[in-house]
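> Protein chains in written order, with the numbering used here: chain A, 0 to 352; chain B, 0 to 352. Just so it is clear, CB atoms sit at the ideal spot from N, CA and C, and this is done for glycine as well. Only a predicted model underlies this, so the values are computations on that prediction, with no experimental measurement involved.
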DNA sequence: CAATCTCAAGAAACCGATTTATCGATTTAT
DNA sequence: ATAAATCGATAAATCGGTTTCTTGAGATTG
């Protein structure tokens, strides 16, 4: 029975076929630009397509082709500039190759991360770019390996032979930070990080430690690592200063940590760089408009996304061979929050002009 | 012919069926918990499912059911805290209802916005939450109406009878800002905004103007609106101050504008609130840890997301009736960047403790 | 003029599920 | 003992496409 006119179901390939007076197979061929269709029929198909506003259902077509043109992206959160722009880039690169990007957030939970990956698997995505909550040994990566999914791991990742990995060179960047700070005369540092992000934190911390040890063997590096949440970190930081510890420079290994440090400085009435210097891993737009501007390590988001997609598509296209690890170099933006130690007993002036 | 063992194709419902010695129809019934299956067969199906690690392909199943359990979300960008947390919330709410969220960014381009919506339409998503680049009259919303897609418009939206809309009460929030500033004695304001975001900007601007006119008829409200990019705005702002204009308070109608204003203050060596006061629309994490802390209007992201999904699912379930507009109230966080006018001729001290 | 080749088009199978309709075996009713 | 009702299971149709295979008409060749 014919559908009523008001029926708003979309036109299918069969509707186009009957409208054009040809078979669905012919319509399919026309849509794919196969040359073995008589020009007259091509014409009629196009007319029907325009008339009905027909567009193929990509999911139905993928079903038949047994290959989904979908890339999954899993990040710990959407809220940060870093992962926000990462997703933007991945989306751009996937679409550039004719794929759709489906992004999901694991919300910093390994359990959820696994569920999200199971969903990606159910969707039969062609490949996954995963930024793990913790590192390459989490349940999500394990799931990917067990299900033989093709994927690339980014960001919070050290090394694995199961997947290609791409991340920024946190150790190298931290060495840059160390060089700058030591060069200015600093000899007592505090480094803070979140233990859960084991992969990145360890890299960055060890890179810093190694560089400091080489450049200034007499220097002291204190470390505060909180397990999973920033609040314990805030408390530990407070205790640390309350004990009377007075490092001349603080290096925060992750972006939210930089905020925590700043708020603790506020609470104590300390100003950068006169009372203490500050460098944070991860740059943000606001850091260049505040007083003082905040020095930061800039991660090469576009390079990471580009390399990840590059590698992912190679694997999707069937390239074999051992998995590779790629480190992208970071830039260090020195800003007003860093100065020589003991810049002044009076807190206030600082970097102001 | 049997597949080789190494073949990594996923098990389909037919694989399960033959393994369990039943038909695919029976497997389908078991998976859906239909009761008319003999317990013995239920058992065998479960065994086969576990053995093969079978999980239904949701896209294939949706195809047959002619109803996709997918919600599309389209936002202008992923990079901002506002849209980042918006997407996070929408994802949570969609999953809570058994749907998957597919998020895409229009990258502040109406052209791309339309393309993204066409893709959502191709995917036959059940519904769309669209945060338009400009307002409810853009080509994307027009496309949605023409294709009779079900959707909800959020954020940069005034009024339309084609879709339900949800946004924050920018006019009300701006009135709050006006009340605070006028109460402190301010009589000369500068408001800055981005013209492209016509819907929200107009609301916020008019709300502010109306409140000022009522509370202090003698007050002066200058306005700088840039068309599409922030750089022209930066230039206009520079010219404005260069002309010798000296408002005592600046109200930025959008978050990136707040950054532009701050950077211009930096350039001129002005400090809040002694030299000038500042309030921004849209709160961000960093605003409470800087010197000074920045006063901001907080948008109720969760409420907006919640209302949007609520309404969207009602429509998906077939609810008819005229479209509704919902305004969610904002909070105003007064912080150190705001003070009485003429707080001090000397720039420097400001809000520092 | 008959046999072969080309070409375009369509019928049918298929992807992985769901759902309807049918069917055979029991069970119940007459 | 026969007819009717019940039950569980499956074959087949379907969703919207793609792809293989077949077919028939017209062109080419011997």
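1) Output yes or no for whether 8 Å exceeds the beta carbon distance between residue 151 of chain A and residue 311 of chain A.
2) Which whole-angstrom value describes the C-beta separation of residue 167 of chain B and residue 293 of chain B, a residue pair presumed to lie in contact below a C-beta threshold of 8 Å?
3) Report the partner residues of residue 180 of chain A according to the DSSP bridge assignment.
4) Hey, could you find the ends of the beta strand (DSSP E) residue 99 of chain A is sitting in?
5) DSSP state of residue 187 of chain B, grouped into three classes?
6) With DSSP run on the structure shown, which of helix, strand or coil describes residue 206 of chain A?
7) Return the first residue and the last residue of the beta strand (DSSP E) that residue 250 of chain B is part of.
8) If I measure Cβ to Cβ from residue 111 of chain A and keep anything under 8 Å in the same chain, skipping five residues before and after, which residues do I get?
9) State yes or no: is the C-beta of residue 227 of chain B within less than 8 Å of the C-beta of residue 276 of chain B?
10) For residue 59 of chain A and residue 121 of chain B, I'd like the C-alpha separation in whole angstroms.
11) Give the residues of chain A in contact with residue 56 of chain B, contact being defined as C-beta atoms less than 7 Å apart.
12) For residue 52 of chain A, collect the residues of the same chain with a Cβ closer than 7 Å to its Cβ; drop the 5 residues on either side in sequence, then sort them by chain order.
13) Is it a yes or a no for the stretch 282-302 of chain A touching the stretch 68-78 of chain A, going by three-plus beta-carbon pairs under 8 Å?
14) Is it buried or exposed, residue 35 of chain B, if we count other Cβ atoms within 10 angstroms and call 16 or more buried?
15) Below 9 Å between beta carbons is the criterion; list the residues of the stretch 303-318 of chain A that meet it against any residue of chain B, in chain order.
16) Does the beta carbon of residue 15 of chain A come closer than 8 Å to any beta carbon on chain B?
17) Just checking: is the beta-carbon of residue 287 of chain A within a distance shorter than 8 Å of some beta-carbon in chain B?
18) At the 8 Å Cβ level, is residue 400 of chain B part of the contact set with chain A, yes or no?
19) With distances taken between CB atoms, is the gap from residue 180 of chain B to residue 248 of chain B smaller than 8 Å?
20) What are the uninterrupted segments assigned as beta strand (DSSP E) that are 3 or more residues long and contained completely in the stretch 26-63 of chain A, given in chain order?
21) Would you mind stating whether residue 401 of chain B and residue 39 of chain B have Cβ atoms separated by less than 8 Å?
22) Please go through the stretch 85-166 of chain A and give each complete beta strand (DSSP E) segment of 3 or more residues, from N-terminal end onward.
23) Within the same chain, show all residues whose beta-carbon is closer than 8 Å to that of residue 351 of chain A, passing over the 5 residues directly before and after it, in chain order.
24) Residues of chain A with CB closer than 8 Å to the CB of residue 283 of chain B, please, in chain order.
25) Taking a contact to mean a Cβ-Cβ separation below 8 Å, would you say residue 64 of chain B touches residue 124 of chain B in this structure?
26) What are the partner residues of residue 280 of chain B, as DSSP defines its beta bridges?
27) Determine, using beta carbons only, whether residue 171 of chain A comes closer than 8 Å to chain B.
28) Please return the same chain residues whose Cβ sits closer than 7 Å to the Cβ of residue 204 of chain B, not counting the five positions on each side in sequence.
29) With a threshold of 7 Å on Cβ separation, who are the neighbours of residue 250 of chain B within its own chain once the five nearest residues in sequence on each side are excluded?
30) Quick check: is the beta carbon of residue 90 of chain B nearer than 8 Å to any beta carbon in chain A?
31) By a C-beta neighbour count over all protein chains shown, 10 Å radius and 16 as the cutoff for buried, is residue 298 of chain A buried or exposed?
32) In the DSSP assignment, what residue or residues form a beta bridge with residue 15 of chain A?
33) Report yes if the CB atom of residue 92 of chain A is closer than 8 Å to the CB atom of residue 308 of chain A, and no otherwise.
34) By the 10 Å Cβ neighbour count, where 16 or more other Cβ atoms means buried, how is residue 13 of chain B classified, buried or exposed?
35) Could you tell me which residues DSSP puts in a beta bridge with residue 327 of chain B?
36) Cβ of residue 26 of chain A less than 8 Å from any chain B Cβ?
Put simply:
1) In this structure, residue 311 of chain A lies closer than 8 Å to residue 151 of chain A by Cβ.
2) About 18 Å; that fails the 8 Å criterion.
3) The partner list for residue 180 of chain A (beta bridge, DSSP) is empty, contrary to what the question assumes.
4) Note, residue 99 of chain A: beta strand (DSSP E), 99-104.
5) It is a strand residue.
6) Reduced to three states, the DSSP call for residue 206 of chain A is helix.
7) Per DSSP, residue 250 of chain B belongs to the beta strand (DSSP E) from 248-251.
8) Taken in chain order, the residues that qualify are 105.
9) With respect to the 8 Å criterion, residue 227 of chain B and residue 276 of chain B are not classified as neighbours on the basis of their beta carbons.
10) Rounded to whole angstroms, residue 59 of chain A to residue 121 of chain B spans 10 Å at the Cα level.
11) Simply 121 and 123.
12) If we look at residue 52 of chain A and ignore the five residues flanking it on each side, its Cβ neighbours are 10.
13) Touching, no.
14) Exposed.
15) Flagged: no residues at all.
16) Output row for residue 15 of chain A: interface = no.
17) Using a Cβ-Cβ cut-off of 8 Å, residue 287 of chain A counts as an interface residue toward chain B, since at least one Cβ of chain B sits closer than that to its own.
18) Absent from the model: residue 400 of chain B. The displayed extent of chain B is 0 to 352, so no value can be given.
19) Closer than 8 Å, so yes.
20) Counting only runs of 3 or more, we get nothing.
21) What the structure shows of chain B is the stretch from 0 to 352, and residue 401 of chain B is not part of that stretch, so it cannot be assessed.
22) The qualifying runs are 99-104, 126-129 and 150-153.
23) Note that residue 351 of chain A scores a pLDDT of 36, beneath 50, so its modelled location is shaky; the value from the coordinates is reported in the next line. Excluding the 5 residues flanking it on each side, residue 351 of chain A has same chain C-beta neighbours closer than 8 Å at 290 and 291, in chain order.
24) Identification of chain A residues near residue 283 of chain B by a Cβ-Cβ cut-off of 8 Å yields 285, ordered along the chain.
25) Cβ distance not < 8 Å, so residue 64 of chain B and residue 124 of chain B don't count as in contact.
26) DSSP, once it has assigned bridges, lists B:296 as partnering residue 280 of chain B.
27) Output row for residue 171 of chain A: interface = no.
28) Within the same chain, and ignoring the five residues on either side of residue 204 of chain B in sequence, the residues whose Cβ sits closer than 7 Å to its Cβ are 190, 192, 222 and 252.
29) Here the set comprises 176, 188, 190, 207 and 278.
30) Taking a beta-carbon distance threshold of 8 Å, residue 90 of chain B counts as an interface residue toward chain A.
31) Burial check for residue 298 of chain A: the Cβ neighbour count within 10 Å reaches 16 or more, so the residue is buried.
32) Residue pairing for residue 15 of chain A: DSSP places it in no beta bridge.
33) Yes, they are a contact pair.
34) Exposed.
35) Beta-bridge pairing links residue 327 of chain B to B:167.
36) No, no contact with chain B.
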